[in-house]
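In the numbering used here, the protein residues as written are 138 to 275.
Backbone N, C-alpha and C define an ideal beta-carbon position, used for all residues, glycine too.
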């Protein structure tokens, strides 16, 4: 592979993710998959727009260490059903300000919950949960 092909295949992995609210509401957000993130998180700006539909959230006391070493307080934590492409599992995420970097960070806890396997050569992720298994493409 030459450098042009390598660069072309190294795009951020983005996917729509749905969260189920307590009254059957569905909140859909574009998520950035990040295998290095030790939490999954929704940006505060998105959360403020959808929190009334999400339900199942409570204030959080967690303090999160960012990649640059700064400590950021989490505003809330949500727990409930998470769905990607018809496959669901139970999961949770923290809420903090991403500074516009992403709307939702799909980190290791959710990747683990979905038994995710990233195939880098094809830039696909296989997931398993309630509803079976599927492969999603970037």
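Check whether residue i and residue j have beta carbons under 8 Å apart
{"i": "residue 166", "j": "residue 201", "result": "no"}
{"i": "residue 170", "j": "residue 232", "result": "no"}
{"i": "residue 225", "j": "residue 266", "result": "yes"}
{"i": "residue 223", "j": "residue 268", "result": "yes"}
{"i": "residue 214", "j": "residue 239", "result": "no"}
{"i": "residue 94", "j": "residue 228", "result": "Residue 94 is absent from the structure shown; the chain starts at 138 and stops at 275."}
DSSP beta-bridge partners of residue i
{"i": "residue 272", "result": "263"}
Other residues of its chain near residue i: CB distance less than 7 Å, five sequence neighbours each side excluded
{"i": "residue 162", "result": "190"}
{"i": "residue 243", "result": "154, 168, 169, 170, 171, 177"}
{"i": "residue 203", "result": "209"}
Selected residue, minimal CA-CA separation from residue i, among the options
{"i": "residue 188", "options": "227, 206, 212, 225", "result": "212"}
{"i": "residue 258", "options": "250, 274, 179", "result": "274"}
{"i": "residue 196", "options": "237, 206, 230", "result": "230"}
{"i": "residue 182", "options": "148, 207, 241", "result": "241"}
Chain-order list of residues whose beta-carbon lies under 6 Å from that of residue i (same chain, five-residue window excluded)
{"i": "residue 138", "result": "Residue placement at residue 138 is poorly supported in this model, since its pLDDT is 44, which falls under 50; the coordinates still yield a value, given next. So no residue of the chain qualifies."}
{"i": "residue 235", "result": "180"}
{"i": "residue 164", "result": "156, 187, 190, 191"}
{"i": "residue 252", "result": "265"}
Unbroken alpha helix (DSSP H) run spanning residue i, endpoints
{"i": "residue 250", "result": "245–250"}
{"i": "residue 160", "result": "No alpha helix (DSSP H) holds residue 160; DSSP gives it neither H nor E."}
{"i": "residue 191", "result": "181–191"}
Residues near residue i in its chain [Cβ-Cβ closer than 8 Å; skip 5 each side]
{"i": "residue 151", "result": "167, 168, 169, 170, 275"}
{"i": "residue 261", "result": "255, 272, 273, 274, 275"}
Where the beta strand (DSSP E) through residue i begins and ends
{"i": "residue 214", "result": "213–221"}
{"i": "residue 226", "result": "224–233"}
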